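Peer 1:
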Amino acid sequence: MTVTRTSEAPPPRWVRTRSPSRWSAVLVAALVVLGAAVALYPATASWFAERAAVTTGARYSETVAALEPADRADRLRDADEYNALLGRGVLPDPFDASTPHTVVDPSDPYWSLLDDGDGVMARIRIPAIDLDLPVYHGTADDVLRRGVGHLQGTAMPIGGQGRHTVLTGHRGLAEAELFTRLDELDRGDRIEIEVYGETLVYEVTESVVVLPTDVDALRPVVGRDLLTLVTCTPIGVNSHRILVTAERVFPDAPAATAAAAEWSLPWWSIVFAIVLVAAAGFVVRAWRRG
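Be aware that the sequence shown starts at 185, since it is given in the working numbering, and climbs by one per residue.
Shown next as structure tokens:
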């Protein structure tokens with residue numbers, strides 16, 4: 185009897201799972217890095233904007249310090265004469281771009297008062313919210329994206345009885361903090377205005393939320409030296425205004441001149457570096473595996 189042997193089936197071939205292709209790995213890594221860059225953009229832009237503002241303020245202080253005392257006194261006297269001529273006209277909403285106060289008129293002496301040559305008239309510091317910004321003339325949008333704007337028609341920021349200075353700033357910008365934390369100020373917090381070699385100290389007395397048309401709180405009050413900071417609220421809606429009003433005080437110890445900022449490595453740069461290293465490692469491993 186003949187036994188027919190069936191041929192044995194060939195042994196199964198091992199199927200090797202292919203790793204992602206090299207270019208797929210590069211694409212994935214690039215998308216991760218791009219996503220991290222987008223997520224970190226607000227913090228990054230805000231850091232650079234803050235650094236630019238502090239640098240501008242420091243340059244203002246140096247420029248003013250280099251002037252002769254008589255020159256500084258002349259600038260302050262001109263501003264005081266301007267303040268004395270201010271009437272009680274209608275005060276516009278500083279964030280309304282359709283009003284004339286946002287347009288530079290070279291024939292109007294206002295635009296040259298206290299100008300240091302770079303458009304800066306003063307420097308504002310608020311220690312409670314780590315704010316240090318230059319103060320510019322007017323409230324045009326390009327001004328408010330670089331620092332704080334002075335509302336034309338209100339007193340120049342040199343102090344004085346019966347004077348009321350109004351300074352404005354944006355809030356909630358992705359690329360800069362500016363007045364974003366203004367709502368955190370409490371009664372008693374101090375605001376410093378550095379102007380042509382003098383440092384004026386104001387103490388917060390109240391913070392209120394009003395409609396854009398409610399400007400009565402911005403008018404001067406006889407016998408009081410007032411400063412009001414204005415910004416929009418709620419963030420992204422901007423239907424109302426936050427008014428933080430402060431009154432001049434004379435502390436026993438004069439306010440110290442701000443020292444040059446010491447910049448440490450920002451947290452976002454560390455996070456981005458970690459993402460870059462991880463993405464590069466992923467690509468290298470994929471490339472070696474083929």
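Glycine residues also receive a C-beta, built at the ideal position from the N, C-alpha and C atoms.
In this text, all values refer to a predicted model and were calculated from it rather than measured experimentally.
When you compare each of Leu260, Gly465, Val217 and Ile308 to Val238 by their alpha carbons, which one comes out closest?
Peer 2: It is Ile308 whose Cα lies nearest to the Cα of Val238.
Peer 1: Which two residues bound the contiguous alpha helix (DSSP H) that contains Leu260?
Peer 2: From DSSP, the alpha helix (DSSP H) with Leu260 extends over Pro253 to Leu269.
Peer 1: Using three-state DSSP, classify Ala444 as helix, strand or coil.
Peer 2: Any answer about Ala444 is weak, because its pLDDT of 47 lies below 50 and its placement is not dependable; what the coordinates show is given next. Looking at Ala444 - three-state DSSP - the assignment turns out to be coil, as it is neither helix nor strand.
Peer 1: In chain order, what residues of the same chain have a beta carbon less than 7 Å from the beta carbon of Gly241, not counting five sequence neighbours either side?
Peer 2: Counting only Cβ-Cβ distances below 7 Å, and skipping sequence neighbours, we find Arg307, Asp316, Leu317 and Pro318.
Peer 1: Indicate whether the contact test is met: 3 or more Cβ pairs, each with one atom in the segment 351–367 and one in the segment 333–341, closer than 8 Å.
Peer 2: Short answer: they touch.
Peer 1: At the level of alpha carbons, what is the spacing between Arg408 and Glu359?
Peer 2: One C-alpha to the other measures close to 36 Å.
Peer 1: Alpha helix (DSSP H) containing Leu369: first to last residue?
Peer 2: Segment: none, Leu369 is in no alpha helix (DSSP H) and carries neither H nor E.
Peer 1: Once you ignore the five residues that flank Leu260 on each side, which residues in its own chain have a CB closer than 6 Å to its CB?
Peer 2: Correct list, in chain order: Ile342 and Tyr380.
Peer 1: Which same chain residues, not among the five before or five after Val406, have their C-beta less than 6 Å away from its C-beta?
Peer 2: Same-chain partners within the cutoff: Gly346.
Peer 1: What residue does the alpha helix (DSSP H) around Asp325 start on, and which one ends it?
Peer 2: Taken as a continuous stretch (DSSP letters only), the alpha helix (DSSP H) holding Asp325 covers Asp325 to Leu328.
Peer 1: Considering only residues of the same chain and omitting the five flanking positions on each side of Phe363, which have a CB-CB separation below 6 Å?
Peer 2: Taken in chain order, the residues that qualify are Gly353, Arg355 and Thr415.
Peer 1: When you compare the segment 381–390 with the segment 415–425, are there three or more beta-carbon pairs, one atom per stretch, that lie closer than 8 Å?
Peer 2: In short, these stretches do not touch, since the Cβ pair count stays below three.
Peer 1: Alpha carbon to alpha carbon, what distance is there between Val212 and Thr338?
Peer 2: If I take the Cα positions, the gap works out to 56 Å.
Peer 1: Helix or strand or just coil, what does DSSP make of Ile419?
Peer 2: Three-state DSSP puts Ile419 in coil, outside helix and strand.
Peer 1: What number of angstroms, rounded off, separates the C-alpha of Ala430 from the C-alpha of Leu215?
Peer 2: Approximately 49 Å, taken between the alpha carbons.
Peer 1: Just to check my reading of the structure: Ile375 and Val388 have Cβ atoms closer than 8 Å, yes? What is that Cβ distance to the nearest angstrom?
Peer 2: Indeed they touch by this definition, with Cβ atoms about 7 Å apart.
Peer 1: Relative to the alpha-carbon of Ala312, which residue among Asp367, Val461 and Ala249 has its alpha-carbon at the smallest distance?
Peer 2: It is Asp367.
Peer 1: Helix, strand or coil: how does DSSP classify Tyr294 here?
Peer 2: Here Tyr294 sits in helix by DSSP.
Peer 1: Name the two residues that bound the continuous beta strand (DSSP E) containing Ser391.
Peer 2: Residues Glu382 to Val394.
Peer 1: Give the straight-line distance between the Cα atoms of Arg365 and Thr417, rounded to the nearest whole angstrom.
Peer 2: Their backbone Cα atoms lie some 11 Å apart in a straight line.
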